[in-house]
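Number of protein chains: 2
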Amino acid sequence: MKVAVLGATGLVGSEMLKVLGERGFSADEMVPLASPRSSGKAVQFSGREVAVQAVCEDAFEGVDIALFSAGADASRKWAPVAASRGAVVIDNSSAWRLDPKVPLVVPEVNPDDAKLNRGIIANPNCATIQAVTALKPLHDAAWLESVSVVTFQSVSGTGRKGLDALTEGAEAVLQGTVPDAGPYSRPIAFDVLPEIGEIGPDGISGEERKMILESRKILHHPELVVNCTAVRVPVFRGHAEAVTAVFREPLDPSGACRFLEGAPGVSCCRDLEHKRYATCREAAGTDDVYVGRVRREGHKSKELSFWVVADNLRKGAALNAVQIAEILEPGLRGMKQASSLG
Amino acid sequence: MKVAVLGATGLVGSEMLKVLGERGFSADEMVPLASPRSSGKAVQFSGREVAVQAVCEDAFEGVDIALFSAGADASRKWAPVAASRGAVVIDNSSAWRLDPKVPLVVPEVNPDDAKLNRGIIANPNCATIQAVTALKPLHDAAWLESVSVVTFQSVSGTGRKGLDALTEGAEAVLQGTVPDAGPYSRPIAFDVLPEIGEIGPDGISGEERKMILESRKILHHPELVVNCTAVRVPVFRGHAEAVTAVFREPLDPSGACRFLEGAPGVSCCRDLEHKRYATCREAAGTDDVYVGRVRREGHKSKELSFWVVADNLRKGAALNAVQIAEILEPGLRGMKQASSLG
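Top line first, the protein sequences correspond to chains A and B. Heads up: the first sequence begins at 1 in the numbering used here, then just goes up one per residue. Heads up: the second sequence begins at 1001 in the numbering used here, then just goes up one per residue.
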């Protein structure tokens, strides 16, 4: 298997290489790709250094799986090229997510969709992945009718410039000087910004629209009512979400915890010993989607509120993409071996 | 008028003295009170230094209005004492808020309740004050049926030890060392904690319960359905809230903004020029409740989402208490003058 990673020097690209190595993904050859200005750099993969190549048409020759995390423009340009050369692209950008011919996959939720790809599979938005991973076992149990999600999203979602803006901004504030806004509309250090992506004429931000539209597609649930407020918070890594879900059937907190505990990729923090909830800092560097503070308010037997945390760079991006690759790998390898025997 | 401030050396107490001075509250005599360990200290009031006295029964002699911000235990002990000596206590703690004989007042919402006091008036919880101030004009226009509030609450709500925990914790993280949790269950620097007050057996935290119960009392709306997730964020001053409100009557975002623009104490950030929303850092040190990002999702004509920000030490505590004192002052002064004429 020949695997390429486009955007290999970025925050998510580096994490993709790391997760592929950690999970022992059987990549016989690894091709790290980036824009020409990064070529010549080297990245780490499975304990060795690999030179980064500038992305070009020929770079995808013979590639079986290409993981993309280089932004929507690069994806729109290079994903069709890679696919036409026979690769399956797993794309972390927003470019293809809502294309009706492109599967949008969270392996714990809709793994079979991955196999319906025509060369491109979209990796959902980070905040959406952790929400639907937590909601899926509850939806299976009681049918989700509507959900309200308020996000607390870390600056690593903005890439290295987000991390720098928070570090430098926090230093500036602590030293009594004025912080720079960096990539944000206003400084993020010691403040919270309810603006992720462009705010449309209807008042809904880009990130909120992703949560609304992607959740419906991943859950195969076009009637799902989704309300979202997406907020950037001064946290380096890990996203948290306050979720309130309304179901068609009654579901109590203990029952919900039992379903969550049996669900793949989910860790339920239900008691004092498990500290009732996880935080962004605790989730950073780990793989699970942590659900905590599961509760009901008043007497509404069909409504639950809970707190969901995950590492946005791992489950929210790199890990989810690698899990999709793991779904594809046996089939691709099998076809390849059978063809070479022929 | 003789005015006392109990807890005069604390974060909210200092702000009470500041706000009384700024607004030219006609205090002929100011008596700053605190626990015995603070007596001997001096505080600033209207440009002069005033010595802090240790609280005791006699300290309330002749006091007309006493502003309390020294915690629930001190309030339970001293408010009845002050009231029995003829003072009206405006208490910022949670001690009396849900007592059916004690008015719970936000001057923009239920000013007339203040006059029904029997010597004690409760100042609501910070997060509740800004929510109901924003909701009142919309409730008047379209009747609020249910509301969901997710809070982003700054560390100044925990007093000086909260500010210290954030400053020292942020310094520790930036220097690569492990931060202390300080007054929180886990370190607050560069993380968000969905835990304010004790989490009860039903899974609801103390702060969330305040939002639920106090909103109903202030709005005189016992059937109001309130859902809340209260979250501590690494912000020094100013609380933000993501609110979704469901009304009985249709209400569109433009209509809501018109009602908000005409409402006392509210500033509506509705367009690009007003930057669409305020942040905690921007609200710090100011008096208004800022409502922004007013929007509707999908086709639900009776539901609105918006973002509410206010300075938790001013409108959320000191300013609201002083506004209550301003409601009482003319009547108290009039009675006093008439009595002295007799």
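The beta-carbon is built from N, C-alpha and C at its ideal position, and this holds for glycine as well.
Can the beta-carbon of residue i be found closer than 8 Å to that of residue j?
i: A/P124; j: A/V106; result: yes
i: A/V178; j: A/A170; result: no
i: B/L1026; j: B/E1329; result: According to the sequence displayed, residue 1026 of chain B carries Ser and not Leu. For B/S1026 and B/E1329, yes; Cβs fall inside 8 Å.
i: B/A1321; j: B/V1289; result: no
i: A/L104; j: A/E208; result: no
i: B/A1263; j: B/P1137; result: yes
i: A/A325; j: A/R248; result: no
i: A/S154; j: A/V225; result: no
i: B/R1383; j: B/A1122; result: As shown, chain B starts at 1001 and ends at 1342. That puts residue 1383 of chain B outside it, with no answer to give.
i: B/R1258; j: B/V1294; result: no
i: A/S69; j: A/V12; result: yes
i: A/L67; j: A/I90; result: yes
i: A/A240; j: A/F152; result: yes
i: A/G359; j: A/R276; result: Outside the shown range of chain A (1 to 342) lies residue 359 of chain A, about which nothing can therefore be said.
i: A/I188; j: A/L166; result: yes
i: A/L341; j: A/M1; result: no
i: B/A1095; j: B/R1076; result: yes
Considering only the alpha carbon of each residue, which of the options lies closest to residue i?
i: A/D113; options: A/L219, A/V150, A/V289 and A/C268; result: A/L219
i: B/S1305; options: A/K336, A/D252 and A/V150; result: A/V150
i: A/G86; options: A/G62, A/P100, A/V102 and A/E145; result: A/G62
i: B/D1191; options: B/V1294, B/R1232 and B/A1284; result: B/R1232
i: A/V235; options: A/D91, A/M335, A/S146 and A/A283; result: A/A283
i: A/V243; options: B/S1340, B/T1167, B/L1033 and B/T1229; result: B/T1229
i: A/G238; options: A/D287, A/N227 and A/A72; result: A/D287
i: B/V1109; options: B/T1133, B/D1099 and B/L1116; result: B/T1133
i: B/P1032; options: B/G1024, B/R1023 and B/A1059; result: B/A1059
i: A/A83; options: A/T279, A/C56 and A/I120; result: A/I120
i: A/L260; options: A/A42, A/P36 and A/H139; result: A/H139
i: A/G40; options: A/Q53, A/A66, A/S46 and A/S339; result: A/Q53
i: B/L1144; options: B/P1250, B/L1272 and B/R1186; result: B/P1250
i: A/A318; options: A/D202, A/S35, A/E303 and A/G157; result: A/G157
i: A/D64; options: A/L17, A/N312 and A/V88; result: A/V88
i: A/N312; options: A/K302, A/T128, A/E297 and A/S339; result: A/T128
Does the beta carbon of residue i come closer than 8 Å to any beta carbon on chain E?
i: B/L1251; result: The structure shown contains no chain E; its protein chains are A and B.
Check the DSSP bridge columns for residue i and list the partner residues they point to.
i: B/I1065; result: B/V1003 and B/V1088
i: A/I199; result: A/S205
i: B/R1048; result: B/F1045
i: B/C1295; result: What sits at residue 1295 of chain B in the sequence shown is Arg, not Cys. According to DSSP, B/R1295 bridges with B/S1305.
i: B/K1152; result: It is worth fixing the name first, because residue 1152 of chain B is Phe in this sequence and not Lys. According to DSSP, B/F1152 bridges with B/V1231 and B/A1240.
i: A/A34; result: A/A54
i: A/Y290; result: A/S267 and A/V309
Compare the C-beta of residue i with all C-beta atoms of chain B and state if any pair is closer than 8 Å.
i: A/S69; result: no
i: A/Y184; result: no
i: A/Y277; result: yes
i: A/V235; result: yes
i: A/A245; result: no
i: A/V231; result: yes
i: A/D191; result: yes
i: A/T133; result: no
i: A/S305; result: yes
i: A/L20; result: no
i: A/F259; result: no
i: A/T167; result: yes
i: A/E145; result: no
i: A/G298; result: yes
i: A/E326; result: no
i: A/E214; result: no
If we cut at 8 Å on Cβ distances, does residue i have a partner in chain A?
i: B/N1227; result: yes
i: B/T1009; result: no
i: B/R1333; result: no
i: B/P1201; result: no
i: B/R1293; result: yes
i: B/V1178; result: no
i: B/I1196; result: no
i: B/I1204; result: yes
i: B/L1174; result: yes
Contact defined as beta carbons within less than 8 Å: I believe residue i pairs with residue j. What is the distance between those atoms, to the nearest angstrom?
i: A/V5; j: A/R314; result: 15 Å between Cβ atoms; not a contact.
i: A/G285; j: A/Q130; result: That belief does not hold up - the Cβ atoms of A/G285 and A/Q130 are roughly 15 Å apart, past 8 Å.
i: B/A1245; j: B/L1135; result: 6 Å
i: A/P183; j: A/G162; result: 6 Å
i: B/A1008; j: B/V1043; result: 5 Å
i: B/R1216; j: B/D1252; result: At roughly 26 Å, the Cβ-Cβ gap does not stay under 8 Å, so B/R1216 and B/D1252 are not in contact.
i: A/F45; j: A/G21; result: 6 Å
Comparing the CB of residue i with every heavy atom of the ligand COA, is any distance shorter than 7 Å?
i: A/G182; result: Ligands displayed in this structure: none; no statement on the ligand COA is therefore possible.
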